[in-house]
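**Q** Residue numbers (my numbering): 12 to 683. Once you've had a glance at the structure underneath, I'll fire off some questions.
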């Protein structure tokens, strides 16, 4: 086994062929044994990619299994997450806290080896992968975070951020649109420290990739601005040489197409789609091990030679980390303020000065919440040195347009990301930014286009990554653009995603509170979606500048209540006006509840929930400019929009669709 290369550039001498071959066979047999024991999984990909993975992990990847969160470690992303046993084998063999017994429990209840890699569940897994293409996009985000932090914090003679992002992707990854979106942006930005090994085995679940995928992949990536190579993925020397070249290319991301054979080593299933997503079977495993010269009567065998060699490597990796710590100590002495800031950013604690920078809004007047959001974001980027994000080509409309340098090849410390019309890629990249550590990420688009990025947003929530999504133009009030751009079901569909906080603020004051809530949600808590209006909304004295409870009593008249109006966003002011009219003109005492965030409200103790929505008061009406589906949990009656919008001025649509105070008063009086 070779020694770990120095950080500045890898050694180029070839590893001992026999020991390297033994490691490859160990990875293969661990994979096929685990899949067979589980009677479920994907053995073919780990077998075919074992050579390239072993070269990468023993010759190039700088990490420390004993300190898996070391900030300057290289990142590795297995975008082809269905081949998870490849990653689990590597993590176990290189010394992460993933015992062999966990590999024996592959895909079983309570194990640390689920069917696809899960961030936060298995140590050493940098990002949840499996939905193809999303890991590729996250790796782009990680590489972008590395370059941004290096440009922001490195000083002459003190390179404290200097690492690579490596990944393995599959044919399926590169068929997915999100990977194309992310690859295009990565090439445009010139992310030279991003290197992907492409497991080009030409097999998908249905059969040969020729069924649907015959394009010139390297030609496409070259057009994106990537450095591309084609090699034999079963030849360790070629893999090593290609990685050396890729690391030497500093201005372009690299894609190395490694021609491989799925289930390589299996006498009867190699090169067939039968090995893609099913166990090899007992007989074929015996035949495979015999062909390798491996004991066929042993399962989960790890030769002592491999354990000893990788233990030696682990010690060398620890020395790399120790050397970095000494380097950081010198940096701390030379640049104490920057060092303190860098260290603080590694935690989820938001500095008090950042939260205090969020502006307050005085009651009176009216402003669109997207415009209030713009003022908030302008203040936040001044206070938070690594708040990084942008829009999918709608910055001015979304309220995230900032007068700051844009991120680019020539401005690697730029604070503004222009994602282009690439919503899904944007969300995947934001996941990578957030998971890398050291930055807070946000992405913005119209609410109706949240459909385009839902897959990556779902992963934000599954990973409980603190990404902030800004969705403007949140209802039919979009107006003249018509039903194609007027969200109806999107708001409720976002609420269906577990651990996602969906915040629809009622005015500028609640918008400030929404950002405060979002920034205080760290890793392990989840993503936040902030939904903002196109139209102006009155800034109400009754709203709160803290909405951590998710809902609160906005207003009520004195005396015994006749019922409750529950509203969100732009309908809160309408509900308040209606309740006051009901009291003045009809003698009805109706409480108004602002509920900007269902999820935060449902996380409160039942006593608090009952204080806002007393169980004995059953006469309740929800008011929200979207589908009524789901509101029955809070209100027996719903006033919403269960049909598409129309192209017309927003005020006219409000009258036609019944979203005026008078219409709400009428609906209340008609309640049974």
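Glycine is no exception: its CB is placed at the ideal position from the N, C-alpha and C atoms. Because the structure is a prediction, the values reported are computed rather than measured.
(1) Indicate whether residue 539 and residue 479 have their beta-carbon atoms separated by less than 8 Å.
(2) Going by the beta-carbon positions, is the gap between residue 558 and residue 608 smaller than 8 Å?
(3) Taking the runs of the beta strand (DSSP E) that are 3 residues or longer, which of them lie wholly in the region 83 to 144?
(4) What residues are listed by DSSP as bridge partners for residue 549?
(5) Can you list the beta strand (DSSP E) stretches of 3 or more residues lying completely in the region 308 to 367, in chain order?
(6) Within 10 angstroms of its Cβ, does residue 54 collect 16 or more other Cβ (buried), or is it exposed?
(7) Please determine, among 629, 484, 655, 654, the residue with the shortest C-alpha to C-alpha distance to residue 643.
(8) Quick test of the definition: if touching needs 3 or more C-beta pairs under 8 Å, does the region 574 to 594 touch the region 672 to 679?
(9) According to DSSP, residue 269 sits in a beta bridge with which residue or residues?
(10) Suppose you measure from the CA of residue 441 to the CA of residue 151; what does that come to, to the nearest Å?
(11) Apart from the five residues just before and just after residue 190, which ones in its own chain have a Cβ nearer than 6 Å to its Cβ?
(12) Indicate whether residue 200 and residue 419 have their beta-carbon atoms separated by less than 8 Å.
(13) Run through DSSP, which three-state label would residue 670 get?
(14) Closest to residue 29 by CA distance: which of 90, 247, 83 is it?
(15) Reducing DSSP to helix, strand and coil, say where residue 565 ends up.
(16) Which residues mark the beginning and the end of the beta strand (DSSP E) in which residue 578 is found?
(17) Could you spell out the range, first to last residue, of the alpha helix (DSSP H) harbouring residue 520?
(18) Spatial neighbours of residue 162 within its chain, please: CB distance less than 8 Å, with the 5 preceding and 5 following residues excluded, ordered by chain position.
(19) To which residues of the same chain is residue 524 closer than 6 Å at the C-beta, ignoring the five residues directly before and after it?
(20) For the alpha helix (DSSP H) containing residue 482, name the first residue and the last one.
(21) Does DSSP put residue 235 in a helix, in a strand, or in coil?
(22) Please state whether the Cβ-Cβ distance between residue 636 and residue 519 is less than 8 Å.
(23) Taking buried to mean at least 16 other C-beta atoms within 10 Å of its own C-beta, is residue 663 buried or exposed?
(24) Three-state secondary structure (DSSP) at residue 676?
(25) Taking the beta carbon of residue 374 as the centre, do at least 16 other beta carbons fall within 10 Å, making it buried, or is it exposed?
(26) Where does residue 602 fall in DSSP's three states?
(27) Which one or two residues does DSSP pair with residue 401 in a beta bridge?
(28) Compute the Euclidean distance between the alpha carbons of residue 42 and residue 58, then round it to the nearest angstrom.
(29) For residue 540, does the three-state DSSP call read helix, strand or coil?
(30) Got a sec? Which residues, its chain only, sit under 6 Å from residue 90 by beta carbon, not counting five neighbours each side?
(31) Exposed or buried, residue 20, counting other C-beta atoms within 10 Å across all chains shown (16 or more means buried)?
(32) By the DSSP assignment, the alpha helix (DSSP H) with residue 443 in it spans what residues?
(33) Between residue 656 and residue 497, which are expected to be in contact by the criterion C-beta below 8 Å, what is the C-beta distance as a whole number of angstroms?
(34) What residue range is occupied by the uninterrupted beta strand (DSSP E) comprising residue 649?
(35) At what residues does the alpha helix (DSSP H) containing residue 506 begin and finish?
(36) Measure the Cβ-Cβ separation of residue 11 and residue 679 and say whether it is below 8 Å.
**A** Straight from the coordinates:
(1) Mapped onto the chain shown, residue 539 falls at position 528. Mapped onto the chain shown, residue 479 falls at position 468. For residue 539 and residue 479, yes; Cβs fall inside 8 Å.
(2) For the purposes of this step, residue 558 is taken as the residue at position 547 of the chain shown. For the purposes of this step, residue 608 is taken as the residue at position 597 of the chain shown. Yes; because the gap between Cβ atoms is below 8 Å, this pair is in contact.
(3) With a minimum length of 3 residues, the unbroken runs of beta strand (DSSP E) contained wholly in the region 83 to 144 fall at 86 to 89.
(4) Within the chain shown, the letter at position 538 stands for residue 549. Partner(s): 377.
(5) Fully contained in the region 308 to 367 is no beta strand (DSSP E) run of length 3 or more.
(6) If you number the chain shown from 1, residue 54 lands on position 43. Within a 10 Å sphere around the beta-carbon of residue 54 sit 16 or more other beta-carbons, which makes this residue buried.
(7) What you label residue 643 is simply residue 632 of the chain shown in a count that begins at 1. Answer by Cα proximity: 629.
(8) At 8 Å Cβ cutoff, the stretches touch.
(9) Position 258 of the chain shown, counted from the first residue, corresponds to residue 269. Per DSSP, 210, 242.
(10) Your numbering for residue 441 matches position 430 in the chain shown. Your numbering for residue 151 matches position 140 in the chain shown. Distance between the alpha carbons of residue 441 and residue 151 is about 9 Å.
(11) Within the chain shown, residue 190 is the residue found at index 179, counting from 1. 144, 147, 184.
(12) The residue given as residue 200 occupies position 189 in the chain shown. The residue given as residue 419 occupies position 408 in the chain shown. Yes; because the gap between Cβ atoms is below 8 Å, this pair is in contact.
(13) Taking the chain shown and counting its residues from 1, one reaches residue 670 at position 659. It is coil, neither helix nor strand.
(14) Start at 1 with the first residue of the chain shown, and residue 29 comes out as number 18. Taking the Cα of residue 29 as reference, the smallest distance to any Cα among 90, 247, 83 is reached at 247.
(15) Translated into the one-based positions of the chain shown, residue 565 becomes position 554. Under the three-state reduction of DSSP output, residue 565 falls in the strand class.
(16) For the purposes of this step, residue 578 is taken as the residue at position 567 of the chain shown. 574 to 578 is the extent of the beta strand (DSSP E) around residue 578.
(17) Counting from one through the chain shown, the residue named residue 520 turns up at place 509. Boundaries of the alpha helix (DSSP H) around residue 520: 519 to 530.
(18) Against the chain shown, residue 162 aligns to sequence position 151. Same-chain partners within the cutoff: 423, 424.
(19) Numbered from its first residue, the chain shown carries residue 524 at position 513. Shown here for residue 524: same chain residues with a beta carbon closer than 6 Å to its own, the five before and five after excluded, namely 556, 557, 558 in chain order.
(20) The residue given as residue 482 occupies position 471 in the chain shown. For residue 482, no alpha helix (DSSP H) run applies; the uninterrupted beta strand (DSSP E) run containing it begins and ends at 479 to 483, by DSSP.
(21) Stepping through the chain shown from its first residue, residue 235 is reached at position 224. Three-state result, residue 235: helix.
(22) Your numbering for residue 636 matches position 625 in the chain shown. Your numbering for residue 519 matches position 508 in the chain shown. Their beta carbons are not under 8 Å apart, which means residue 636 does not touch residue 519 by this criterion.
(23) Taking the chain shown and counting its residues from 1, the one referred to as residue 663 is at position 652. Classification for residue 663: exposed.
(24) Numbered from its first residue, the chain shown carries residue 676 at position 665. Reduced to three states, the DSSP call for residue 676 is helix.
(25) On the chain shown, residue 374 is found 363 positions in, with the first residue counted as 1. Answer is exposed; the Cβ neighbour count stays below 16.
(26) Taking the chain shown and counting its residues from 1, one reaches residue 602 at position 591. Three-state result, residue 602: strand.
(27) By one-based count along the chain shown, residue 401 stands at place 390. Its beta-bridge partners are 428, 454.
(28) The count along the chain shown starts at 1 and reaches residue 42 at position 31. The count along the chain shown starts at 1 and reaches residue 58 at position 47. The alpha-carbon separation between residue 42 and residue 58 amounts to approximately 7 Å.
(29) Taking the first residue of the chain shown as 1, we reach residue 540 at position 529. Three-state result, residue 540: strand.
(30) Within the chain shown, numbered from 1, the residue matching residue 90 stands at position 79. Cβ neighbours of residue 90 beyond the five flanking positions: 140, 146, 147, 178, 180, 184.
(31) Looking up residue 20 in the chain shown gives position 9. Residue confidence for residue 20 is low, a pLDDT of 38 falling below 50, so the modelled location carries little weight; the figure read from the coordinates is stated next. Residue 20 should be labelled exposed.
(32) Here residue 443 corresponds to residue number 432 of the chain shown, with the count starting at 1. For residue 443, the enclosing alpha helix (DSSP H) begins and ends at 434 to 447.
(33) Locating residue 656 in the chain shown gives position 645, where the first residue counts as 1. Locating residue 497 in the chain shown gives position 486, where the first residue counts as 1. The beta-carbon distance between residue 656 and residue 497, rounded to whole angstroms, is 4 Å. This is short enough to meet the 8 Å contact definition.
(34) Here residue 649 is taken as the residue at index 638 of the chain shown, counted from 1. Counting along the chain, the beta strand (DSSP E) containing residue 649 begins and ends at 648 to 650.
(35) The residue you call residue 506 lines up with position 495 of the chain shown. Segment 501 to 506, the alpha helix (DSSP H) holding residue 506.
(36) No answer is possible for residue 11: the residues shown for the chain start at 12 and end at 683.
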